[in-house]
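In this note's numbering, the protein residues as written are 307 to 531. The beta carbon of each residue, even a glycine, is placed where N, CA and C say it ideally should be. Since the model is a prediction, treat every value here as computed from it, not as a measurement.
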Amino acid sequence: MKLLIVEDEVKTGDYLQQGLGEAGFNADLARTGLDGLNLAMNQPYDLIILDVMLPELDGWQLLQAIRKRGNEVPVLFLTARDEVDDRVRGLELGADDYLIKPFAFSELLARIRSLLRRGRSSQEPTRLQVADLELDLVKRRVLKAGERIDLTAKEFALLELMMRREGEVLPRSLIASQVWDMNFDSDTNVIEVAVRRLRAKVDDPYPRKLIHTVRGMGYVLEERD
Ligand code: CA
Numbered sequence: 307m308k309l310l311i312v313e314d315e316v317k318t319g320d321y322l323q324q325g326l327g328e329a330g331f332n333a334d335l336a337r338t339g340l341d342g343l344n345l346a347m348n349q350p351y352d353l354i355i356l357d358v359m360l361p362e363l364d365g366w367q368l369l370q371a372i373r374k375r376g377n378e379v380p381v382l383f384l385t386a387r388d389e390v391d392d393r394v395r396g397l398e399l400g401a402d403d404y405l406i407k408p409f410a411f412s413e414l415l416a417r418i419r420s421l422l423r424r425g426r427s428s429q430e431p432t433r434l435q436v437a438d439l440e441l442d443l444v445k446r447r448v449l450k451a452g453e454r455i456d457l458t459a460k461e462f463a464l465l466e467l468m469m470r471r472e473g474e475v476l477p478r479s480l481i482a483s484q485v486w487d488m489n490f491d492s493d494t495n496v497i498e499v500a501v502r503r504l505r506a507k508v509d510d511p512y513p514r515k516l517i518h519t520v521r522g523m524g525y526v527l528e529e530r531d
């Protein structure tokens with residue numbers, strides 16, 4: 307799941323991006339309204355966290371612009387305490403929720419999770435399960451045999467991809483483009499290292515192994531006898 311933060315205050319933006327990364331989300335950061343609009347229109351985000359007062363294009367204009375183009379991504383507005391009327395205006399323009407600055411990070415996380423849950427259509431699952439491995443897309447939590455496993459944001463994204471495509475052999479190039487948004491040279495071992503780290507957490511300590519190497523082809527996640 308991918309989030310976009312649009313925030314011009316350097317400290318707040320960095321804090322949000324870092325905090326959300328630690329909570330297991332993959333978050334891009336735009337520091338102007340125009341950058342935010344370009345990213346929002348060119349990448350599929352699951353949620354946008356939008357500051358109101360922004361250079362170039364303010365939060366309302368950005369929201370209006372993306373809604374006009376048919377983009378229905380959930381939007382959480384961040385407003386200052388003295389901008390109470392803004393909240394009403396934001397909601398009228400199609401914001402899904404708002405949070406008053408300064409806010410507790412735990413409150414932000416709770417709002418984000420609730421919006422992501424609401425934003426998912428009924429046919430899209432919020433949990434993936436293969437054998438005794440469970441991945442909760444909203445809570446960003448992984449359980450193996452009922453035990454909680456801590457993953458980095460990249461490890462989580464890698465596992466999510468493999469679980470979504472259970473039983474399918476995934477070439478390294480596909481993993482690179484889906485999880486790292488880039489193309490790696492064929493001789494790089496970044497993917498190998500990442501898969502090894504993931505295995506060390508979800509497979510090595512347990513009798514049931516789910517991640518398998520298919521020599522010369524890539525990796526597959528599936529239950530084998
Ligand atoms: Ca601002």
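Leaving out five residues on either side along the sequence, give the residues of the same chain with a beta carbon under 8 Å from the beta carbon of residue i.
i: valine 358; result: Asp364, Gly365, Trp366, Phe383, Leu384, Thr385, Ala386, Glu389, Asp392 and Gly396
i: glycine 342; result: Leu310, Val312, Ala336, Ile354, Leu356, Leu360, Leu363 and Leu368
Looking only at its own chain, which residues have a Cβ that is under 6 Å from the Cβ of residue i, when we skip the five neighbours before and after it?
i: arginine 423; result: Val444
Can you round the beta-carbon distance between residue i and residue j to whole angstroms, since I take them to be within the 8 Å contact cut?
i: leucine 369; j: leucine 356; result: 7 Å
i: arginine 514; j: aspartate 438; result: 6 Å
i: valine 485; j: alanine 463; result: 5 Å
i: leucine 353; j: leucine 322; result: Leucine 353 to leucine 322, Cβ: 12 Å. No contact.
i: aspartate 402; j: valine 381; result: 6 Å
i: tyrosine 525; j: valine 501; result: 6 Å
i: arginine 375; j: methionine 347; result: 6 Å
Tell me the rounded alpha-carbon separation between residue i and residue j.
i: methionine 469; j: tyrosine 512; result: 17 Å
i: aspartate 456; j: leucine 480; result: 24 Å
i: proline 477; j: lysine 407; result: 44 Å
i: proline 431; j: glutamate 398; result: 29 Å
i: leucine 434; j: valine 496; result: 25 Å
i: alanine 333; j: glutamate 472; result: 25 Å
i: lysine 317; j: valine 475; result: 42 Å
i: leucine 465; j: glutamate 498; result: 13 Å
i: threonine 458; j: serine 420; result: 22 Å
i: proline 350; j: arginine 503; result: 28 Å
i: glycine 339; j: alanine 329; result: 25 Å
i: alanine 416; j: arginine 521; result: 43 Å
i: leucine 326; j: glutamate 440; result: 21 Å
i: glutamine 324; j: phenylalanine 411; result: 11 Å
i: methionine 307; j: lysine 450; result: 21 Å
i: isoleucine 517; j: aspartate 510; result: 10 Å
Under 7 Å Cβ to Cβ from residue i, same chain only, skipping five residues before and after it: list those, please.
i: glycine 319; result: Ile311, Glu313, Leu335 and Arg337
i: leucine 414; result: Leu405
i: arginine 446; result: Ala329, Gly330, Phe331 and Phe462
i: glutamate 362; result: Thr338, Gly339 and Leu340
i: threonine 519; result: Tyr525
As a quick check of your reading: which residues have a C-beta less than 6 Å from at least one non-hydrogen atom of ligand 1, in chain order? Asp314, Glu315, Asp357, Met359 and Leu360
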